[in-house]
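One structure below.
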Amino acid sequence: MTEWGDGTRCVHTGSAEPVAGQPFLAGPVLAAPYHLGPGHLGADDFYGRAGNPTWRALESAIGGLDGGLCTVFPSGMAAITTLLRTLLSPGDVIVVPADGYYLVRTFLAELDVRAREVPTVGPWTPEVVAGARLVLLETPSNPGLDVCDIKEIAELAHAAGALVAVDNTTATPIGQRPLELGADISVASDTKAVAGHSDVLFGHISVTDEALWTQLQRQRSMGGAIPGPFETWMVHRGLGTLDVRLARQAENAAALVEVLHRHGGVADVRWPGWPTDPSHAVAVRQMRRFGGVFTFVLPSAEHVTKFVAESRLVAAATSFGGLHSTADRRARWGDPVPEGLVRFSAGLEDSHDLVRDVLAALDRALAGPVQ
Ligand code: PLP
Numbered sequence: 001m002t003e004w005g006d007g008t009r010c011v012h013t014g015s016a017e018p019v020a021g022q023p024f025l026a027g028p029v030l031a032a033p034y035h036l037g038p039g040h041l042g043a044d045d046f047y048g049r050a051g052n053p054t055w056r057a058l059e060s061a062i063g064g065l066d067g068g069l070c071t072v073f074p075s076g077m078a079a080i081t082t083l084l085r086t087l088l089s090p091g092d093v094i095v096v097p098a099d100g101y102y103l104v105r106t107f108l109a110e111l112d113v114r115a116r117e118v119p120t121v122g123p124w125t126p127e128v129v130a131g132a133r134l135v136l137l138e139t140p141s142n143p144g145l146d147v148c149d150i151k152e153i154a155e156l157a158h159a160a161g162a163l164v165a166v167d168n169t170t171a172t173p174i175g176q177r178p179l180e181l182g183a184d185i186s187v188a189s190d191t192k193a194v195a196g197h198s199d200v201l202f203g204h205i206s207v208t209d210e211a212l213w214t215q216l217q218r219q220r221s222m223g224g225a226i227p228g229p230f231e232t233w234m235v236h237r238g239l240g241t242l243d244v245r246l247a248r249q250a251e252n253a254a255a256l257v258e259v260l261h262r263h264g265g266v267a268d269v270r271w272p273g274w275p276t277d278p279s280h281a282v283a284v285r286q287m288r289r290f291g292g293v294f295t296f297v298l299p300s301a302e303h304v305t306k307f308v309a310e311s312r313l314v315a316a317a318t319s320f321g322g323l324h325s326t327a328d329r330r331a332r333w334g335d336p337v338p339e340g341l342v343r344f345s346a347g348l349e350d351s352h353d354l355v356r357d358v359l360a361a362l363d364r365a366l367a368g369p370v371q
């Protein structure tokens with residue numbers, strides 16, 4: 001499958017051999033216990049917390065795209081926390097992004113480990129990774145959209161004896177392949193672009209090491225944080241269109257970023273796909289495409305509220321990667337960013353409609369006094 005393009009791989013990777021009279025994508029298998037049969041356990045599955053063929057089909061598909069062995073989870077946080085619990089022992093040092101998804105830092109504060117917070121842009125020196133068991137990167141970071149060099153940091157971290165995990169949520173498995181760049185682990189919230197329809201939470205971990213994969217599967221089975229077969233099937237269904245969805249989202253992001261850069265009322269537009277963006281040089285080296293998430297800053301929180309109220313197409317929502325264009329004022333959740341910073345997720349609307357709507361909403365939001 002690796003010789004095919006992204007669109008072909010999204011549709012076909014992990015698909016079972018076609019069987020006449022059977023659907024293209026087998027339906028969700030809903031089972032708590034499975035029939036054991038009369039004798040020895042001859043089947044793969046015996047109990048739904050330990051194994052499910054709908055999980056395995058999606059694990060084969062996502063693992064194929066990531067280039068690793070995949071384990072699926074019911075959310076991004078279930079994936080990340082299982083990873084951290086599996087790898088870290090009391091007293092271990094973990095390097096985490098100071099500017100990444102905030103809940104990871106909150107979770108670590110409650111574990112008996114030493115979390116060393118480092119901004120995504122570094123500095124990445126031997127001292128920063130010294131003595132660490134795990135270096136967790138998030139690139140592009142959420143919400144700052146800063147980027148770090150996975151290959152360089154993996155070399156640095158491996159020399160210090162640390163494992164490297166990358167939160168690949170913003171990029172997706174077809175936007176960036178951390179395992180190919182030298183990371184040991186790629187972990188993601190598939191709630192975003194992979195599932196893509198704003199109707200299901202999901203997550204996964206892909207790894208290169210079979211022993212670690214076995215440990216993660218065992219941890220999932222014991223911990224009981226298992227994805228529902230129906231949700232798993234929905235994610236698999238969504239994965240088939242990831243390539244075309246991301247292409248439209250990136251096209252819309254590029255069109256919006258272009259007009260926002262020229263807009264006098266908007267500051268600090270950030271999108272790794274933009275040639276003058278501070279992240280661009282590293283991003284083009286390691287990313288395979290840019291998604292639809294970008295940020296910009298309006299003068300105040302009230303301007304953001306008014307912007308969303310004035311738009312006919314943009315909804316306020318705290319996720320990204322879905323069909324609909326959405327805007328999230330990140331400071332409302334406590335991220336250390338300007339009050340007026342908007343994380344915008346470009347949806348699948350027509351570019352010209354979206355640009356027209358966003359410009360009109362900005363004009364109205366920025367005109368006159370704000371209540
Ligand atoms: N990682 C990143 C970068 C995220 O943006 C999120 C969610 O917003 C998560 C992890 C957590 O994922 P979930 O909400 O699916 O638990």
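Those letters in the sequence shown? Residues 1 to 371, per our numbering, in order. For every residue, glycine included, the Cβ atom is placed at its ideal position computed from N, Cα and C.
Next on the checklist: Less than 9 Å between the C-beta atoms of residue 103 and residue 84, yes or no?
Outcome noted: Taking the sequence shown and counting its residues from 1, the one referred to as residue 103 is at position 103. Taking the sequence shown and counting its residues from 1, the one referred to as residue 84 is at position 84. Remark: C-beta atoms of residue 103 and residue 84 do not approach each other more closely than 9 Å.
Item to check | Candidates 279, 289 and 363: closest to residue 149 by CA position | outcome: Here the question's residue 149 lines up with position 149 in the sequence shown. Nearest neighbour of residue 149 by Cα position, chosen from 279, 289 and 363, turns out to be 279.
Item to check | One or two residues paired with residue 70 in a DSSP bridge | outcome: Walking along the sequence shown from the start, residue 70 turns up at place 70. DSSP output for residue 70 lists 206 as bridge partner(s).
Item to check | Run of the alpha helix (DSSP H) containing residue 8, from where it starts to where it stops | outcome: The count along the sequence shown starts at 1 and reaches residue 8 at position 8. Its alpha helix (DSSP H) spans residues 6-12.
Next on the checklist: Taking the beta carbon of residue 333 as the centre, do at least 16 other beta carbons fall within 10 Å, making it buried, or is it exposed?
Outcome noted: Within the sequence shown, residue 333 is the residue found at index 333, counting from 1. Under this definition residue 333 is an exposed residue.
Checklist entry - Which whole-angstrom value describes the C-beta separation of residue 304 and residue 329, a residue pair presumed to lie in contact below a C-beta threshold of 8 Å? => result Taking the sequence shown and counting its residues from 1, one reaches residue 304 at position 304. Taking the sequence shown and counting its residues from 1, one reaches residue 329 at position 329. Contact holds; Cβ gap of about 5 Å.
Next on the checklist: Can you tell me whether residue 77 sits near the ligand PLP, meaning its C-beta is under 8 Å from at least one heavy atom of the ligand?
Outcome noted: Against the sequence shown, residue 77 aligns to sequence position 77. Judged by the Cβ position, residue 77 qualifies as a neighbour of the ligand PLP at the 8 Å threshold, a heavy atom of the ligand being closer than this.
Checklist entry - DSSP three-state call for residue 245: helix, strand or coil? => result In the sequence shown, residue 245 corresponds to position 245, counting from 1. DSSP, reduced to helix, strand and coil, places residue 245 within a helical segment of the structure shown.
Checklist entry - Is there contact here, the region 151-162 with the region 263-270, by at least three beta-carbon pairs under 8 Å? => result Flag = no, the region 151-162 and the region 263-270 do not touch.
Next on the checklist: Is the beta carbon of residue 76 closer than 9 Å to that of residue 214?
Outcome noted: By 1-based counting over the sequence shown, the position of residue 214 is 214. By 1-based counting over the sequence shown, the position of residue 76 is 76. Not in contact: residue 214 and residue 76 (Cβ atoms no closer than 9 Å).
Item to check | Own chain residues within Cβ distance below 6 Å of residue 198, not counting five before or after | outcome: As a working mapping, residue 198 is identified with position 198 in the sequence shown. Taken in chain order, the residues that qualify are 322.
Next on the checklist: At the level of alpha carbons, what is the spacing between residue 48 and residue 299?
Outcome noted: In the sequence shown, residue 48 corresponds to position 48, counting from 1. In the sequence shown, residue 299 corresponds to position 299, counting from 1. Residue 48 and residue 299: Cα-Cα distance of roughly 51 Å.
Checklist entry - Among all the DSSP beta bridges, which residues are the ones paired with residue 118? => result Here residue 118 corresponds to residue number 118 of the sequence shown, with the count starting at 1. Answer is 97.
Checklist entry - By Cβ distance below 6 Å, which residues in the same chain neighbour residue 101 in space, the five residues on each side in sequence not counted? => result Mapped onto the sequence shown, residue 101 falls at position 101. Cβ neighbours of residue 101 beyond the five flanking positions: 142.
Checklist entry - Of all the options 188, 242 and 72, which has the alpha carbon lying nearest to the alpha carbon of residue 138? => result Start at 1 with the first residue of the sequence shown, and residue 138 comes out as number 138. Taking the Cα of residue 138 as reference, the smallest distance to any Cα among 188, 242 and 72 is reached at 188.
Checklist entry - Taking all protein chains shown into account, do 16 or more other C-beta atoms lie within 10 angstroms of the C-beta of residue 140, making it buried, or fewer, making it exposed? => result As a first step, residue 140 must be located in the sequence shown, where it is residue number 140. Counting the other CB atoms within 10 Å of its CB gives residue 140 a total of 16 or more, which places it among the buried residues.
Checklist entry - From residue 233 to residue 154, what does the alpha carbon distance come to, in whole angstroms? => result If you number the sequence shown from 1, residue 233 lands on position 233. If you number the sequence shown from 1, residue 154 lands on position 154. About 33 Å.
Item to check | Integer Cβ distance of residue 347 from residue 325, believed to fall under 8 Å | outcome: Taking the sequence shown and counting its residues from 1, one reaches residue 347 at position 347. Taking the sequence shown and counting its residues from 1, one reaches residue 325 at position 325. Between residue 325 and residue 347 the Cβ distance is about 4 Å, and since that is below 8 Å, they are a contact.
Next on the checklist: Taking the alpha carbon of residue 260 as the reference point, which residue from 335, 359, 291 and 204 has its own alpha carbon closest?
Outcome noted: Position 260 of the sequence shown, counted from the first residue, corresponds to residue 260. Comparing Cα positions, the closest option is 359.
Next on the checklist: With three or more C-beta pairs closer than 8 Å as the rule, is the region 58-69 touching the region 8-16?
Outcome noted: Touching, per the Cβ criterion.
Checklist entry - Taking the C-alpha atoms as reference points, what is the distance between residue 212 and residue 302? => result Position 212 of the sequence shown, counted from the first residue, corresponds to residue 212. Position 302 of the sequence shown, counted from the first residue, corresponds to residue 302. Answer to the nearest angstrom: the Cα atoms are 48 Å apart.
Item to check | residue 138 beta carbon near the ligand GDP (any heavy atom closer than 8 Å) | outcome: The model depicted lacks the ligand GDP and carries the ligand PLP instead.
Next on the checklist: I'd like to confirm something about residue 319: is its beta-carbon nearer than 8 Å to some heavy atom of the ligand PLP, or not?
Outcome noted: Along the sequence shown, read from residue 1 onward, the residue named residue 319 stands at position 319. Yes, Cβ of residue 319 sits closer than 8 Å to a heavy atom of the ligand PLP.
Checklist entry - Out of curiosity, what's the CA-to-CA distance linking residue 186 and residue 30? => result As a first step, residue 186 must be located in the sequence shown, where it is residue number 186. As a first step, residue 30 must be located in the sequence shown, where it is residue number 30. Rounded to whole angstroms, the separation of the alpha carbons of residue 30 and residue 186 is 28 Å.
Checklist entry - For residue 47, which of helix, strand or coil comes out of DSSP? => result Here the question's residue 47 lines up with position 47 in the sequence shown. Of the three classes helix, strand and coil, the one that applies to residue 47 here is strand, per DSSP.
Item to check | Any non-hydrogen atom of the ligand PLP closer than 8 Å to residue 101 Cβ | outcome: Within the sequence shown, the letter at position 101 stands for residue 101. Under cutoff, so the answer is yes.
Checklist entry - With C-beta atoms as the reference, is residue 320 less than 9 Å away from residue 256? => result Reading the sequence shown from its first residue, position 320 is the one you call residue 320. Reading the sequence shown from its first residue, position 256 is the one you call residue 256. Their beta carbons are not under 9 Å apart, which means residue 320 does not touch residue 256 by this criterion.
Checklist entry - Considering residue 326, what are the terminal residues of the beta strand (DSSP E) in which it resides? => result In the sequence shown, counting from the first residue as 1, residue 326 sits at position 326. First-last of the beta strand (DSSP E) with residue 326: 326-329.
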